[in-house]
Amino acid sequence: MSDLAIRKLSKAFGGVRAVNEVSFDIKRGEFLALIGPNGAGKSTCFNMINGQLAPDSGEISFEGTELVGKKPREIWRLGIGRTFQVAATFNSMTVVENVQMALISHAHQTYRLWKPASSLHRARALELLAQVGMQDAADRPSRELAYGDVKRVELAIALANDPRLLLMDEPTAGMAPKERNDLIALVKRLVIERGISVLFTEHSMDVVFAFADRIIVLARGRLIADGDARSIRDNPQVREVYFGTGKTFAKSEASS
Ligand code: ADP
Ligand code: MG
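Right under this line is the structure:
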C-alpha cells in the first residue's frame, strides 16, 4: 500500500528546472532515502510535499488526499510531520517543557494554558523523550544540551504530532560521523516500532546504505534511480553522477 504518491512533480525557478517530472511512492512503514548532489532538487521536493512551496505541475497524494493547494498547517494536521529547527524559545525552557509545548500545540490547546498547567502532558512528553533516549535530561535547561542531543529533542518534538509520515531534510547536518550514525539508527528504530514512514536526506553514503529500506536518486531535478542499496550502488548512472564514469563507491562505504 502506498502512503504517499508523487506524480510528475515539477518546479522551476526562473530557467532552473529544480524538480523535473519526478514520480515516486513511499509505502507505509518505509525508511526511504532521497539522495543526490547539491542542487539536485531534494529540498525543493521536501518543500512541495510539506506545502511550503507550490509545484508548477504534478500531484502529491497522501493516503488518497491531494496535497497540492493545501497550506503547511493543513498538511501537518493530516499526519505529515517534519523536524523543524528548534524555535527561538527553545533555550528558555527545560527539555521536557519543549516537548510539552509541542503536545499542547498538537492538542489544539493555546499557549495561554501553558503557565497554569505546567504538568500538562508531562507524562506523555517523558514517554517521547524516553523513545529518543533523552529521559534523563528531561528537567535540564535545553540551552545546556549538546548539538546531537538537541537533534534528539527535535525528533521528540516532531513525534509529538504523531505523524504517519515524517520528512527529514538533512537531519544530521553538522554532526560528527558517530552522531550521524546514531541518530539515523534511532530514527530507523522508531520507523519499525511505530510503523511510520520516513523520507530523509543524508550525505553519508555509509549511513544511507546501512539504514535505508530504499533509495531514490535525484540529479539536476530528474529522478535517475529508485531501488535498494545494492541496486543503487551498482547503478552506472548513479556512479557517474557522484564520481564520474568507472568509479565505484569507496570500499568503506560498500559494506552493508
Ligand atoms: P538540494 O536540496 O538537492 O541541494 P535544492 O532543492 O535546494 O537542491 O535546489 C535545486 C535547484 O533549485 C538549485 O539549482 C537551486 O539553486 C535552485 N533553487 C532552490 N530554491 C530556490 C529559490 N527559492 N529560488 C531560486 N532558485 C532556487
Ligand atoms: Mg537541500
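Residue 250, in my numbering, is where the sequence shown stops; the numbers in between run on with no holes. Cβ coordinates follow ideal geometry from the N, Cα and C atoms, glycine included.
- Secondary structure of residue 166 (DSSP, three-state): coil.
- For the pair residue -3 and residue 57, the Cα-to-Cα distance works out to about 5 Å.
- Within the same chain, and ignoring the five residues on either side of residue 214 in sequence, the residues whose Cβ sits closer than 7 Å to its Cβ are 34.
- Three or more Cβ pairs drawn from the region 115 to 131 and the region 147 to 167 lie within less than 8 Å of each other, which places the two stretches in contact.
- The Cβ atoms of residue 133 and residue 83 lie no closer than 8 Å to each other.
- For ligand 1, a non-hydrogen atom lies closer than 7 Å to the CB of residue 12.
- A distance below 8 Å separates the beta carbons of residue 96 and residue 155.
- In this structure, residue 38 has its CB closer than 7 Å to one or more heavy atoms of ligand 1.
- Excluding residues up to 5 positions away in sequence, 23 lie with their Cβ nearer than 6 Å to the Cβ of residue 189 in the same chain.
- Annotation: the continuous beta strand (DSSP E) that includes residue 221 extends over 216 to 221.
- Looking at the backbone, the Cα of residue 48 and that of residue 216 are separated by about 18 Å.
- With contacts defined as CB atoms closer than 8 Å, residue 50 and residue 2 fail to qualify as a contacting pair.
- Put simply, the region 25 to 39 does not touch the region 73 to 82. Fewer than three CB pairs are less than 8 Å apart.
- In the three-state scheme derived from DSSP, where H, G and I count as helix and E and B as strand, residue 145 is classed as helix.
- Residue burial is scored here from C-beta neighbours: residue 91 has at least 16 other C-beta atoms within 10 angstroms and is therefore classed as buried.
- Between residue 233 and residue 221, the C-beta gap is not smaller than 8 Å, which leaves the two residues out of contact.
- Residue 121 is not bridged by DSSP to any residue.
- Secondary structure at residue 132: coil, using DSSP grouped into helix, strand and coil.
- Around the beta carbon of residue 14, a 10 Å sphere encloses 16 or more other beta carbons of the protein chains shown; the residue is thus reported as buried.
- Residue 59 counts as exposed, since fewer than 16 other C-beta atoms from the protein chains shown sit within 10 angstroms of its C-beta.
- In the three-state reduction of the DSSP assignment, residue 237 falls in the helix class.
- With a threshold of 7 Å, the Cβ atom of residue 32 counts as near ligand 1, since some heavy atom of the ligand is closer than that.
- At a threshold of 7 Å, residue 164 counts as near ligand 2, since its beta carbon sits closer than that to one of the ligand's heavy atoms.
- For the set 9, -1, 141, the Cα lying nearest the Cα of residue 21 is the one of -1.
- Runs of the beta strand (DSSP E) spanning 3 or more residues and lying entirely within the region 48 to 74 occur at 51 to 56, in chain order.
- When only Cα atoms are considered, residue 183 and residue 153 end up about 13 Å apart.
- Excluding its 5 nearest sequence neighbours in each direction, residue 40 has C-beta neighbours in its own chain below 6 Å: 161, 163, listed in chain order.
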